[in-house]
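As they're listed, the protein sequences go chains A and B. Here the first sequence is numbered in our numbering, starting from 15 and rising by one per residue. Here the second sequence is numbered in our numbering, starting from 15 and rising by one per residue.
Number of protein chains: 2
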Amino acid sequence: MRTITIKPKALTHNLNQVKKMAPTSKVLAMVKSNAYGHGIAAVLPALQQADGIGVATLTEALEARQLGWDKTIGVVEGVFTVGEWQAAIKQDISCVIHHAPQLQWALDDIPPAQSATRIVWLKYNTGMNRLGFDADGVIKAAERLHAAGYQLVLTTHFANADDKENSLNALQIQRFSELLTTLQTTIDADIKGSLCNSAGIVNFSDHHYDWVRPGIILYGSAPVIDKSADELNLQPAMEFSAQVIALQTVSANTAIGYGSLWSAPQDTKTALVSIGYGDGYPRVINSDAYVTVINETNQQSYRCTVLGRVAMDMIVIDVSDMPEDTALNSKVILWGDVPHVDEIAVCADTISYELLCRLSIRPNRVQTQ
Amino acid sequence: MRTITIKPKALTHNLNQVKKMAPTSKVLAMVKSNAYGHGIAAVLPALQQADGIGVATLTEALEARQLGWDKTIGVVEGVFTVGEWQAAIKQDISCVIHHAPQLQWALDDIPPAQSATRIVWLKYNTGMNRLGFDADGVIKAAERLHAAGYQLVLTTHFANADDKENSLNALQIQRFSELLTTLQTTIDADIKGSLCNSAGIVNFSDHHYDWVRPGIILYGSAPVIDKSADELNLQPAMEFSAQVIALQTVSANTAIGYGSLWSAPQDTKTALVSIGYGDGYPRVINSDAYVTVINETNQQSYRCTVLGRVAMDMIVIDVSDMPEDTALNSKVILWGDVPHVDEIAVCADTISYELLCRLSIRPNRVQTQ
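In structure tokens form, the structure reads like this:
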């Protein structure tokens, strides 16, 4: 059975790691994109100790409210229409404001005093150059929002925080820090700040400010280029597995699969595994990719290389090193404890975030106690 | 709104194209992997004129039955356990048999005479070297299945049919043709044959046999390397779209997005689009990638290049060539008529099949009349 197993205890463990790293900050746990592919319904109960959750869109925010999340919800792309702004008010949802139309909607329609929508995350473009106002725009927007009764969180987003040495980081931190000081001095000393995503939490512990926004780190992947998930004491929150559905021996010099991409250097025992890109396993992957096969008889784990082209429904693996009794229906771990999804991401020339998010609806979804 | 729009009329048109190409064969329309990401419930009504549907697993077969498909269902990976074999009998589902355990389950538990499970698709490994018996294995299995009352369809799968000139094609066709003749001569003249997937239908019209098995061609993508979807008169069955959520001008020599991957050669008008790898748009994509933006005022289409790194929730596009009144919330087509998903697949160093299958559950799903 193609299976995605979510591990709530790992999520809670990782959240606690974040709290240890950023002990004086509130935590906005990022659950956008269906909780990085883990399933928002599956992860929310494990993240109860977060101070709030972050989503990309109002649609995701409304889903989280419907699932019973009654604390802060922050929408990082903000609302797309005035109608969405009004819906946000109804559900007590806090929004990022990153451009003039959103500012105008907020000024035209002010939520009740006790509404969480009164808290606005004002986006400052410090170098990512996607969303946000420039410094002057932030100051003007902050003045108007403050005068209208809004509480403000100044926020920005790192472009290269995974690489601590990248020179843009210091520049973004400096711009953010200076503008926050300006706002606090000239408008309201109580204006808050939020700078750090997962990578920022790890790499810039002197700049955590009031709210940190952990994402990938909650799911157990390393957010920085120079430390592994293990070194950061993170636990993978997902196991992605399938099963052996056929066994055969491929003769030397025989090619297998589409494009005859791999040819057996010698007679090779292979297993077919019921997983493919139709489930979300990446089609373009190099020859370092491997899986773990669990021998049902002795519960031993074996590392088996992926051979040839990943197809829609199947991959072929090398089981030459498995004992004689490799069984049909043996469990095969695509990623989880071993291999870690971060390893497979390297084999696929991408990052774990993408592998986790691009899972299809075909695999069965379960969770551990 | 992130939206996947399915076009039933395009599916029916493409099915009719297949019927024109293979007028004397029955059609097993492949709907595995959630109908190549299109959604099985959305496509089945448009494929009513197919003689049967093909799925990867029993789970998918049972879903199709539950959705009301009452004709042939073929399971190309076959069943994984004896319990699944018994479930297949209960639901009149036909299975591929590709290894000895499946053969034994079929011999131990013979379905009633009128059951569709009495039709077995016997898999011959002619060169793909994934699933199937060798020639001797096929003959022995065919003898036993025939004696037990099964009707047989000999089947195999091309490894390189997309490339007509690949020498393995002729070898696979020869092996298949010879063994089918042997079976028909020595066991039963009424044994059927099924050789061609989409690429085989296009490239090997002399070898269509009794059943063809179109997959990607139904969804409007080109299955061969030397003809485009347009040249084959196919219509894309999916439009994948999003919207502009912010506009800004990036100054010359300013980098945007993660990794500061793209730097503006001159002052550049950009738009943020609410789509990313969290929806299934590929993260690793080259600089040829583009989208179509629809100007709401004049309904004109504009080709806009994708700039910098694809993020989880957003991409940035170049709207310098758009008229002054580029509007927030303008519709952006990621793939559909233009660009065709086949073009974006080339930009992502993969095939359309993968892009279609690896869509996440986040986008809203609708269909045209």
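From the three backbone atoms N, C-alpha and C, an ideal C-beta is built for every residue, glycine too.
Comparing the C-beta of residue i with each C-beta of chain B, is any distance below 7 Å?
i	result
A/Met326	yes
A/Gly14	This structure leaves residue 14 of chain A out entirely; chain A is present only between 15 and 383.
A/Thr7	Because chain A is modelled from 15 through 383, residue 7 of chain A falls outside the range shown and cannot be assessed.
A/Ser374	yes
A/Glu368	yes
A/Tyr223	no
A/Asn48	yes
A/Asn309	no
A/Leu286	yes
A/Leu145	yes
Quick one: residues in its chain with C-beta nearer than 6 Å to the C-beta of residue i, no 5 flanking neighbours on either side, listed in chain order?
i	result
B/Pro125	Ile103, Thr131 and Arg132
B/Ile87	Ile67, Ala75, Ala78 and Ile107
A/Leu373	Gly51 and Gly294
Could you tell me which of the options sits nearest to residue i, measuring between CA atoms?
i	options	result
A/Gly97	A/Ala120, A/Ala78, A/Trp83 and A/Gln80	A/Ala120
A/Ala64	A/Trp225, A/Gly294 and A/Ala114	A/Trp225
A/Ile20	A/Asp363, A/Trp349 and A/Cys361	A/Trp349
A/Lys85	A/Thr71, A/Gly146, A/Gln100 and A/Leu61	A/Leu61
A/Glu179	A/Val69, A/Val238, A/Glu368 and A/Gln257	A/Val238
B/Pro22	B/Pro250, B/Arg144, B/Thr195 and B/Gln118	B/Pro250
A/Leu81	A/Asp356, A/Leu58 and A/Leu25	A/Leu58
B/Leu166	B/Val134, B/Pro228, B/Asp281 and B/Leu342	B/Val134
B/Ser255	B/Ser288, B/Tyr367, B/Thr196 and B/Ala278	B/Ser288
B/Gln105	B/Ile111, B/Ser235, B/Cys210 and B/Val89	B/Val89
A/Gln257	A/Val69, A/Pro377, A/His113 and A/Ser39	A/Pro377
A/Leu145	A/Asp177, A/Thr199 and A/Ala70	A/Ala70
B/Ser301	B/Asn267, B/Ala285, B/Thr311 and B/Trp276	B/Trp276
A/Tyr3	A/Asp122, A/Asp176 and A/Ala184	Only positions 15 to 383 of chain A appear in the structure, and residue 3 of chain A is not among them; the question remains open.
B/Phe147	B/Phe190, B/Asn183 and B/Ile375	B/Phe190
B/Gln383	B/Ala56, B/Asn48 and B/Ser47	B/Ala56
B/Thr282	B/Asn217, B/Tyr223, B/Cys318 and B/Glu253	B/Cys318
Run through DSSP, which three-state label would residue i get?
i	result
A/Asn312	coil
A/Asp106	coil
B/Lys137	strand
A/Thr320	Looking at the sequence provided, one finds Val at residue 320 of chain A rather than Thr. Residue state, collapsed to three classes: strand.
A/Lys21	coil
A/Met252	strand
A/Thr38	coil
B/Arg379	strand
A/Thr268	coil
B/Leu166	strand
B/Lys283	strand
B/Gln63	coil
A/Trp83	coil
B/Tyr304	strand
B/Gln262	strand
A/Val69	strand
A/Gln128	coil
A/Gly97	helix
B/Asp224	coil
Please return the same chain residues whose Cβ sits closer than 7 Å to the Cβ of residue i, not counting the five positions on each side in sequence.
i	result
A/Gly290	Val324, Ala325, Met326, Asp327, Met328 and Ile329
A/Gly92	Cys109, Val110, Ile111, His112 and Gln116
Please check if any C-beta of chain A sits within less than 7 Å of the C-beta of residue i.
i	result
B/Tyr138	no
B/Val298	yes
B/Ala60	no
B/Thr263	no
B/Thr268	yes
B/Arg158	no
B/Ala173	yes
B/Ser235	no
B/Ala256	no
B/Ile103	no
B/Ile215	no
B/Arg189	no
B/Cys210	no
Considering only residues of the same chain and omitting the five flanking positions on each side of residue i, which have a CB-CB separation below 8 Å?
i	result
A/Gly271	Leu321, Gly322, Arg323, Ala325 and Val330
A/Asn30	Gln63
B/Val380	Thr17, Ile18, Thr19 and Ile20
Quiz item: Below 8 Å, can you find three or more Cβ-Cβ pairs linking the stretch 33–53 of chain A to the stretch 298–309 of chain A?
Solution: no
Quiz item: Three or more C-beta pairs closer than 8 Å, one from the stretch 198–205 of chain A and one from the stretch 234–245 of chain A: is that the case here?
Solution: no
Self-check item: Stretch pair the stretch 261–270 of chain A + the stretch 349–364 of chain A: three plus CB contacts closer than 8 Å
Solution: no
Exercise. State whether the stretch 162–178 of chain A contacts the stretch 136–148 of chain A, with contact taken as three or more CB pairs (one from each stretch) at a distance under 8 Å.
Key: yes
Quiz item: Below 8 Å, can you find three or more Cβ-Cβ pairs linking the stretch 110–119 of chain A to the stretch 146–156 of chain A?
Solution: yes
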